[in-house]
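What follows is one structure encoded as structure tokens, with my remarks underneath.
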């Protein structure tokens with residue numbers, strides 16, 4: 003609990019901390035997004051190869067490909083989920099920075 007009003011300097015320090023964190027998280031997002039794209043491409047290529055190499059009805063071939071590549075699909079879904087989670091983290095940081103901008107404007111208007 004604060005005993006004194008927040009100062010413009012404190013707000014700016016927190017904004018800088020969040021901006022640095024945003025930059026770091028954006029860089030890690032790039033890595034995650036690239037890894038997810040690679041995982042997706044690999045999975046889809048393997049699935050197509052498995053599908054085309056099997057015989058039977060369309061549904062049977064799809065089921066065989068899905069079954070044979072369940073581990074690959076799992077890795078693809080995990081990579082996709084990590085990208086979504088990181089995207090939410092970035093959105094949260096941007097929202098926090100925007101809130102601090104508003105707070106900073108209010109503090110500035112009061113002084």
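In the working numbering, the protein residues as written are 3 to 113.
Yeah, the Cβ is synthetic: ideal placement off N, Cα and C, and Gly gets one too.
Would you check if the distance between the CB atom of residue i and the CB atom of residue j is smaller than 9 Å?
i: residue 37; j: residue 83; result: no
i: residue 92; j: residue 20; result: no
i: residue 10; j: residue 104; result: no
i: residue 24; j: residue 99; result: yes
What does the alpha-carbon distance come out to for the pair residue i and residue j?
i: residue 42; j: residue 78; result: 6 Å
i: residue 45; j: residue 71; result: 8 Å
Quick check on the burial criterion: 16 or more other C-beta atoms within 10 angstroms. Buried or exposed for residue i?
i: residue 88; result: buried
i: residue 54; result: exposed
Pull up the CB-CB distance for residue i and residue j, whole angstroms please, since I reckon it's below 8 Å.
i: residue 85; j: residue 8; result: So it is not a contact: roughly 35 Å between Cβ atoms.
Practice task
Spell out a yes or no on whether the segment 60-72 and the segment 14-33 are touching, meaning 3 or more CB-CB pairs, one atom from each, closer than 8 Å.
Solution key: They do not touch, by the three-pair rule.
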